[in-house]
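The structure appears below as C-alpha cells.
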Amino acid sequence: MMFMFNYETLVDPLLRDLRKFTPEFSGMKAGDKVIDVCCGTGAQVLEYGRHGIIATGIDSSQDMLKIAKRNRMRQKAANVSFQLADAANIPFADGCFDYATVTFGLHDKEKPVRYRIISEMKRIVKKGGALILIDFQVPLPRNAWAVFARAIEFLAGGAHYRGFKDYLASGGLEDILKNHALREEYRAYLKSGLIAATKVVNG
Numbered sequence: 000m001m002f003m004f005n006y007e008t009l010v011d012p013l014l015r016d017l018r019k020f021t022p023e024f025s026g027m028k029a030g031d032k033v034i035d036v037c038c039g040t041g042a043q044v045l046e047y048g049r050h051g052i053i054a055t056g057i058d059s060s061q062d063m064l065k066i067a068k069r070n071r072m073r074q075k076a077a078n079v080s081f082q083l084a085d086a087a088n089i090p091f092a093d094g095c096f097d098y099a100t101v102t103f104g105l106h107d108k109e110k111p112v113r114y115r116i117i118s119e120m121k122r123i124v125k126k127g128g129a130l131i132l133i134d135f136q137v138p139l140p141r142n143a144w145a146v147f148a149r150a151i152e153f154l155a156g157g158a159h160y161r162g163f164k165d166y167l168a169s170g171g172l173e174d175i176l177k178n179h180a181l182r183e184e185y186r187a188y189l190k191s192g193l194i195a196a197t198k199v200v201n202g
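At position 23 of the sequence shown the residue is numbered 22 (numbering that gives the first Met the number 0), and the sequence of numbers has no breaks.
Listed below in C-alpha cells is the structure:
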C-alpha cells in the first residue's frame, strides 16, 4: 500500500500535465468511448470524464481501484467507470471502444505480457479507432527526469523493476510497434524527452 500511497501523492501530481495533454493529443471528443488500460489511481480516466468522454478504467489492483472509485465519487463523474480486470485478458467485446490508452502500464511487464496487452487493446478498439501508448522513451535521456524515473522504478522493486529493465533492453515502444505491425500516426515527447506518446491507427 505504501507504493500506491506514494503513487497518488508523488507521481500523479508530476503527471498532471500529461493527463491534460492526452485527450487533445489523441483527438478524442465528447461522447467517444475510451478505455484506459492499467488505469491505476484513475487520474487519466477522470481527465477524460472532464472532457465529456465516456471513459472506462481497468486495473488488476483492488487497492488502486479503491483510490480511483473514491476520486470518481468526489468528482461526481457520472460518465466514468472502473472495473477490476486483467489487461492481458480484457473482458469487453471486439471493437466496442473508439480509443484504448495505456500510460506507464507496459514498462513494468514481461515482454509476453506487454505483447498480449497490445493484442487485447487492438481487439477491443474498432477498425479506424486508435491506440494511444505512453511510456518511457528508450533509450532514456541523460537528464534529471531520467534519474528520478530510474529511482522510482528501483524502489518499486521485484517483478516491476525486472519488467522495467527488460523494457529498456528490448527497445521500449519501438519494439512493441514493430512486433504488432502498428502504423504510427504521430508522436510527441514530454518531460525533456523522458516520455514518448504515440498514436497508432487500428486496422
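In this text, a Cβ means the ideal position worked out from N, Cα and C, and glycines have one as well.
When the Cα atoms are used, Thr21 and Asp85 turn out to be separated by approximately 23 Å. Close CB contacts of Val112 within its chain, under the 7 Å cut and outside five residues either way in sequence, are with Ala87 (chain order). Gly157 and Lys126 have their alpha carbons spaced roughly 37 Å apart.
An exposed status is given to Asn142, since fewer than 16 other beta-carbon atoms sit within 10 Å of its beta-carbon.
Of the candidates Asp134, Gln82 and Gln43, the residue whose Cα lies closest to the Cα of Ala187 is Asp134. Closest in alpha carbon position to Leu14, among Asp62, Trp144, Leu139 and Asp174, is Trp144.
Minimum Cα-Cα distance from Ile34 among the listed residues Tyr47, Gly202 and Val199 corresponds to Tyr47. Excluding sequence positions up to five before and after Arg115, its CB lies within less than 6 Å of the CB of Ala87, all in the same chain and listed in chain order. Under the DSSP definition of a beta bridge, Arg15 lacks any partner. Using a Cβ distance threshold of 7 Å, Phe24 and His106 do not count as a contacting pair.
Secondary structure at Ser60: coil, using DSSP grouped into helix, strand and coil. A distance below 7 Å between beta-carbons, with the five flanking residues on each side excluded, links Ser169 to the following residues of its chain, in chain order: Lys110.
CA-CA distance, Asp174 to Ala180, rounds to 10 Å. Excluding residues up to 5 positions away in sequence, Ile34, Ile89, Phe91, Ala92, Asp93, Gly94, Cys95, Phe96 and Ala99 lie with their Cβ nearer than 8 Å to the Cβ of Ile123 in the same chain. According to the DSSP secondary-structure assignment, Ala196 is paired through a beta bridge with Ile133 and Ala187. Around the Cβ of Asp62, a 10 Å sphere holds fewer than 16 other Cβ atoms; the residue is exposed. Apart from sequence neighbours up to five positions away, the residues of its chain that approach Leu64 with a beta-carbon distance below 7 Å are Asp58, Phe81 and Leu83, ordered along the chain. In the three-state DSSP reduction, Arg49 falls in the helix class (H, G or I).
In the three-state reduction of the DSSP assignment, Ile151 falls in the helix class, which pools H, G and I. Cβ neighbours of Glu119 within its own chain (closer than 6 Å, five residues either side excluded): Ile89.
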